[in-house]
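J.: Before I ask anything, here is the structure I am working with.
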Amino acid sequence: MKSAVIVFPGSNCDRDLAVAFEQAGGRPAQMVWHKETSLPAGLDIVGIPGGFSFGDYLRCGAIAARSPICRAVVDFAKRGGLVLGICNGFQVLTETGLLPGALLRNANLKYICKDVDLTVETTDSPFTRGYRKGQGIRIPIAHHDGNYAADAALLGRLDAEDRVAFRYVDNPNGSAGDIAGVLSENRRVLGMMPHPERLADAALGGTDGAALFAGLAEAFAPA
Amino acid sequence: MNEPQITEELISAHGLKPEEYAEILRLLNRDPSFTELGIFSAMWNEHCSYKSSKKWLRTLPTEGSQVICGPGENAGVVDIGDGQAVVFKMESHNHPSYIEPYQGAATGVGGILRDVFTMGARPVAAMNSLSFGAPDHSRTRRLVAGVVEGIGGYGNCFGVPTVGGEVRFHPAYNGNCLVNAFAAGLAESDKIFYSAASGVGMPVVYLGAKTGRDGVGGATMASAEFDDTIEEKRPTVQVGDPFTEKRLLEACLELMQTGAVISIQDMGAAGLTCSAVEMGDKGSLGVRLDLDRVPCREENMTAYEMMLSESQERMLMVLRPEKEDVARAIFDKWDLDFAVVGETIAEDRFVIEHGGRVMADLPLKALSGTAPEYDRPWEPTAPAAPLADVPAIAPVEGLRALLASPNHAAKNWVYEQYDHMVMADTVRRPGAGAGVVRVHSTGKALAFTSDVTPRYCRANPVEGGKQAVAEAYRNLCAVGARPLASTDNLNFGNPEKPEIMGQFVGCIQGIGAACAALDMPIVSGNVSLYNETDGSGILPTPTIGAVGLLASLEEMIAGPAQDGDAAVLIGTGKGHLGQSALLFEAFGREDGDAPHVDLEAERRHGEFLRANHALIRAATDLSDGGLALAGFEMAEAAGTGLALKDGDAGWFFGEDQARYLLAVAPDALDDLLSAADAAGVPAQQVGRFGDAGIALGGSATPMDELKSLWRGAFAAALA
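Protein chains in written order, with the numbering used here: chain A, -11 to 211; chain B, 50 to 768.
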């Protein structure tokens, strides 16, 4: 699997995501600086990591979405490329318009870092094919602004199109429809607030995140 | 612009004593300028000069084969093998946090992170030791909320996992909260960066964020007692920008790879003044600065303001001139300021130029090396009166009183606001005992803990000082780590009072004895004095931060306990209830002596745990709350219950030292007990994990009930 991880000046889960890509896919991820205007050739997947891309002093992800590299990421996605945005990466993807909805401040107005229980809502995507539909998994969250906002029409459409990837079992942040992760229309862009890369290694206390990366890697394994 | 005349009021407003001003006149042979007065005040205040504490700090053990660099640099450096080192320090931000909790705490975290990465280490773990006033005091809620949010706001954005710490409440902190921030980083042991400048005519470079008027006079403020004018001190608190700090970290580490850095020093307390003097003093050089070249955020800043500003996220560096282009390109990449603002000079002078005028021209060494030093009078603390009778209490009632107190309740409310998993190496999260973080891409791991029991330190400073070190030692051993070294953050009241100075001296003596006996030298630290308001001081609070090494994760005592495991008590007790948590939480009493520490037993018991880690499923040290609280916490973490054999209040709640509670699988029990026997370590089975309740002898209750009490008590106390 040929992967790249976008690095904004305030990204801080870039290494964590690169480790997860490499562990699953067998080759190091390429780190791509935000001032670049193009992506390396021949990529299978682009990851937008967690962190505070530009300090999040404005709306989270808003400045990152307007950085030179994000134009290349949008083009890549529009050509059918796979894009995974985790936490701040999810916020960036909503700001670019690649994913619908927005992430607001958590309902309790506090930063929350803890493991949460999720349900896998669909296995019909390259990201979730390694899970069972309805499977309960435990993945940590770590965010201040993970409260997914969507109006009734959007929620209806996401449901009808089977585009909710994960839902919270016990909604920690006020997200509409308990949504923890959503897919793009072509099912090749996933944004999620929980951090699968943080529980993809037994030493860290759990491996429920590993199936996401393993599923991706399998899709790109040399035949 | 003309500077104000020097008057007696101005001298006193700078926190300088008349005899200190007389010393300035003697040194200069003339009146100082206003800027010079500000520089002296910044360098000679307690916060920067350690003038009351130096004499005693020198008595602490600071050496050991593991120590690469002890106190005196930005942080201590300790060898962890394979050419790697852990770099760490703990530092207080008490005064600013009380005045402006969010920014005070945030910039405390920022400062300690900078201390670590200034030395070339990437921060990999943070902790915080927090002390607040009574939960129902009018200021406490706002302080707790602001401090916790500030720590999270800074550390989370910067991207360092906060893996441990302490939170306590006591009325003695009503007027002065304590915020002690710890950070540790990893570096290659032959690539540590120090602050001593070398070479004459070398460019002095300003890095990072721009200079504003924030924090002017902060270090002087932090060396004064509070009174009812405290709100007027708000402008002396700095404002943090963790995003800039993150960029500064990355830019500095990149820069250090290029060989461009001769020496580097972060701008912390007393900003540009302190960092420039430090680099010159350590390198026996003078420094000339041209303030017209300092990047400023505000217009018309005076020399005085620039020299005393405590704007955050700034560094000063002495650069190899031939590498200037490479260095500048790195700072451009990260969109940070980079400005050559001066040079090193051969003479012992600190020359400040601004607008074509010399605003200060001082002997540099005198600002630092020969700053005043006091041998303050001190009185040993009188022995505590014997413990009065302790009323009878059903053991389960005693446990409920502990669990319902925010001092002993679950601290999820706090640490869930901190990112404790970023960097994906946290193998033991905060909540109980030491936090453990893997050394990235090696098999090794580091354990971190911070400990002190201030009530003990007040009743018996020497034993209290020992106990803080011993508890840190135990917390490291309880996860299977080998204790390496420690850092001390010494928080006390007004050292000009002999009884306070006596607490300080006693605690240092105890800490020194324990660090020597347990081979945990002090490699860095910080002293915070004058934690008093309207004449009333805090409990003596010498926080010990300690670091241990696990050569591999196999050595870790990971837990949790399992149903059917034997509960084994290591160590012996006499049921010491003086100054205990039970006494304070159940009866509102704080009498009796502190428990005494047998350092030899501490060492033997700790080594026993490490040597027999393979026979131990889970372990916790016994500290305040004794056997009952330790047992509850272990059972809770395991999602099971516990039955302990019967005894009196001293059995369940005594706080005798050098003790651990272990969970041992039934088939390992005999081996463990005979190993203990062979090692001369007292060990006995005292109960069994399992079932859905806690039974303290005949006194029992369902676990679920205690669990919800324990989990909700922190938020409830602050609601």
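Just so it is clear, CB atoms sit at the ideal spot from N, CA and C, and this is done for glycine as well.
1) May I ask you to list, following chain order, the residues of the region 376 to 389 of chain B that have a beta carbon less than 9 Å from some beta carbon of chain A?
2) Report yes or no: is there a C-beta of chain A within less than 9 Å of the C-beta of residue 756 of chain B?
3) Quick check: residue 666 of chain B and residue 714 of chain B, are their CB atoms within less than 9 Å of each other?
4) DSSP three-state call for residue 390 of chain B: helix, strand or coil?
5) Who are the neighbours of residue 470 of chain B on chain A, taking C-beta pairs under 7 Å?
6) Counting only the same chain and skipping the five closest in sequence on each side, list residues whose C-beta sits under 8 Å from that of residue 172 of chain B.
7) Could you tell me the boundaries of the beta strand (DSSP E) in which residue 540 of chain B lies?
8) DSSP on residue 100 of chain B, reduced to helix/strand/coil?
9) Given a threshold of 16 other Cβ atoms within 10 Å of its Cβ, counted over all protein chains shown, does residue 306 of chain B qualify as buried or as exposed?
10) Mind checking which residues open and close the beta strand (DSSP E) that includes residue 301 of chain B?
11) Roughly how many whole angstroms lie between the Cα atoms of residue 702 of chain B and residue 49 of chain A?
12) Would you say the region 218 to 231 of chain B touches the region 481 to 492 of chain B, given that touching needs at least three Cβ pairs under 8 Å?
13) When the Cβ atoms of the region 84 to 101 of chain A are set against those of the region 440 to 457 of chain B, are three or more pairs found closer than 8 Å?
14) Output, in chain order, the set of chain A residues within a Cβ distance shorter than 7 Å of residue 201 of chain B.
15) What does residue 101 of chain A pair with, by DSSP beta-bridge criteria?
16) In the DSSP assignment, the beta strand (DSSP E) including residue 383 of chain B goes from what residue to what residue?
17) Where does residue 46 of chain A land, buried or exposed, given buried means 16+ other C-beta within 10 angstroms?
18) Quick one: what does DSSP say residue 569 of chain B is sitting in, helix, strand or coil?
19) Between residue 77 of chain A and chain B, is any beta-carbon pair separated by less than 9 Å?
20) State the Cα-Cα distance for the pair residue 540 of chain B and residue 558 of chain B, rounded to the nearest angstrom.
21) I'd like to know if residue 661 of chain B contacts chain A, where contact means its C-beta is closer than 9 Å to some C-beta of that chain.
22) What did DSSP end up calling residue 172 of chain B once you bin it into helix, strand or coil?
23) Buried or exposed for residue 733 of chain B, please, with buried defined as at least 16 other CB atoms from any protein chain shown within 10 angstroms of its CB.
24) Excluding the five sequence neighbours on either side, which residues of its own chain have a C-beta within less than 6 Å of the C-beta of residue 464 of chain B, listed in chain order?
25) Is there a Cβ of chain B sitting closer than 9 Å to that of residue 1 of chain A, yes or no?
26) Is there a Cβ of chain A sitting closer than 9 Å to that of residue 208 of chain B, yes or no?
27) Mapping the DSSP letters down to three states, classify residue 585 of chain B as helix, strand or coil.
28) Go through its chain and collect everything with a Cβ distance to residue 682 of chain B's Cβ below 8 Å, but skip five positions before and after it.
29) Determine the contact status of residue 291 of chain B and residue 205 of chain B, defining contact as a CB-CB distance below 9 Å.
30) Compare the C-beta of residue 66 of chain A with all C-beta atoms of chain B and state if any pair is closer than 9 Å.
31) Could you tell me which chain A residues have their CB closer than 7 Å to the CB of residue 473 of chain B, listed as they occur along the chain?
32) Under the rule that 16 or more other beta-carbon atoms within 10 Å means buried, what is residue 15 of chain A, buried or exposed?
33) So with CB distances below 8 Å, who are the chain B contacts of residue -4 of chain A?
34) Starting from residue 229 of chain B, follow the beta strand (DSSP E) in both directions and report where the run begins and ends.
35) Measure the CB-CB distance between residue 9 of chain A and residue 31 of chain A and report whether it falls below 9 Å.
36) From the DSSP output, in three-state form, read off residue 731 of chain B for me.
T.: Taking the structure as given:
1) 382, 383, 384
2) In the second sequence, the residue the question calls residue 756 of chain B occupies position 707. So no, residue 756 of chain B is outside the interface.
3) Your numbering for residue 666 of chain B matches position 617 in the second sequence. Your numbering for residue 714 of chain B matches position 665 in the second sequence. Contact flag set, yes.
4) Numbered from its first residue, the second sequence carries residue 390 of chain B at position 341. The answer is strand: DSSP assigns residue 390 of chain B an E or B state.
5) In the second sequence, counting from the first residue as 1, residue 470 of chain B sits at position 421. Within chain A, the residues near residue 470 of chain B are 101, 128, 130, 186.
6) Counting from 1 along the second sequence, the entry for residue 172 of chain B is found at position 123. The residues are 162, 165, 166, 207, 209, 232, 233, 234, 298.
7) Working through the second sequence from its first residue, we reach residue 540 of chain B at position 491. Segment 531 to 540, the beta strand (DSSP E) holding residue 540 of chain B.
8) The sequence position of residue 100 of chain B within the second sequence is 51, counting from 1. DSSP places residue 100 of chain B in coil when its eight states are reduced to three.
9) Indexing the second sequence from 1 puts residue 306 of chain B at position 257. Exposed, since its Cβ has fewer than 16 Cβ neighbours within 10 Å.
10) Looking up residue 301 of chain B in the second sequence gives position 252. Counting along the chain, residue 301 of chain B falls outside any beta strand (DSSP E), though it belongs to the alpha helix (DSSP H) covering 291 to 306.
11) Walking along the second sequence from the start, residue 702 of chain B turns up at place 653. Walking along the first sequence from the start, residue 49 of chain A turns up at place 61. One C-alpha to the other measures close to 51 Å.
12) no
13) no
14) Within the second sequence, numbered from 1, the residue matching residue 201 of chain B stands at position 152. Those are 99, listed as they occur along chain A.
15) Taking the first sequence and counting its residues from 1, one reaches residue 101 of chain A at position 113. Beta-bridge pairing links residue 101 of chain A to A:130.
16) Working through the second sequence from its first residue, we reach residue 383 of chain B at position 334. Careful: residue 383 of chain B lies outside any beta strand (DSSP E) and carries neither H nor E.
17) Residue mapping note: residue 46 of chain A aligns to position 58 of the first sequence, counting from 1. So residue 46 of chain A ends up on the exposed side.
18) As a working note, residue 569 of chain B is residue 520 in the second sequence. Residue 569 of chain B: coil per DSSP, three-state reduction.
19) One-based indexing of the first sequence puts residue 77 of chain A at position 89. Not closer than 9 Å to any Cβ of chain B, the Cβ of residue 77 of chain A fails to qualify, so no.
20) As a position in the second sequence, residue 540 of chain B is number 491, starting the count at 1. As a position in the second sequence, residue 558 of chain B is number 509, starting the count at 1. Between residue 540 of chain B and residue 558 of chain B, the C-alpha separation is close to 15 Å.
21) Here residue 661 of chain B refers to the residue found at position 612 of the second sequence. No, residue 661 of chain B does not count as interfacial toward chain A.
22) Taking the first residue of the second sequence as 1, we reach residue 172 of chain B at position 123. Strand, per DSSP.
23) Translated into positions along the second sequence, residue 733 of chain B becomes position 684. Its Cβ having fewer than 16 others within 10 Å, residue 733 of chain B is exposed.
24) Residue 464 of chain B sits at position 415 when you count from the first residue of the second sequence. For residue 464 of chain B, where only same-chain residues beyond five positions count, the Cβ hits under 6 Å are 479.
25) Counted from its first residue, the first sequence places residue 1 of chain A at position 13. It does; some Cβ of chain B falls within 9 Å.
26) Translated into positions along the second sequence, residue 208 of chain B becomes position 159. Output row for residue 208 of chain B: interface = yes.
27) Taking the first residue of the second sequence as 1, we reach residue 585 of chain B at position 536. Three-state DSSP puts residue 585 of chain B in a strand.
28) As a first step, residue 682 of chain B is located in the second sequence; it is residue number 633 there, counting from the start. Around residue 682 of chain B: 481, 669.
29) Position 242 of the second sequence, counted from the first residue, corresponds to residue 291 of chain B. Position 156 of the second sequence, counted from the first residue, corresponds to residue 205 of chain B. Against a cut-off of 9 Å, the Cβ pair of residue 205 of chain B and residue 291 of chain B comes out as a contact.
30) Counting from one through the first sequence, the residue named residue 66 of chain A turns up at place 78. Not an interface residue.
31) Taking the first residue of the second sequence as 1, we reach residue 473 of chain B at position 424. The answer, in chain order, is 4, 7, 185, 186, 192.
32) Reading the first sequence from its first residue, position 27 is the one you call residue 15 of chain A. Under this definition residue 15 of chain A is an exposed residue.
33) Walking along the first sequence from the start, residue -4 of chain A turns up at place 8. Going along chain B, no residue has its Cβ under 8 Å from residue -4 of chain A, so there is no contact; the nearest lies around 10 Å.
34) Numbered from 1 along the second sequence, position 180 holds the residue referred to as residue 229 of chain B. Looking at the DSSP string, the run of the beta strand (DSSP E) that includes residue 229 of chain B is 227 to 237.
35) Stepping through the first sequence from its first residue, residue 9 of chain A is reached at position 21. Stepping through the first sequence from its first residue, residue 31 of chain A is reached at position 43. Not closer than 9 Å, so no.
36) The residue you call residue 731 of chain B lines up with position 682 of the second sequence. In the structure shown, residue 731 of chain B sits in coil (DSSP, three-state: anything other than H, G, I, E or B).
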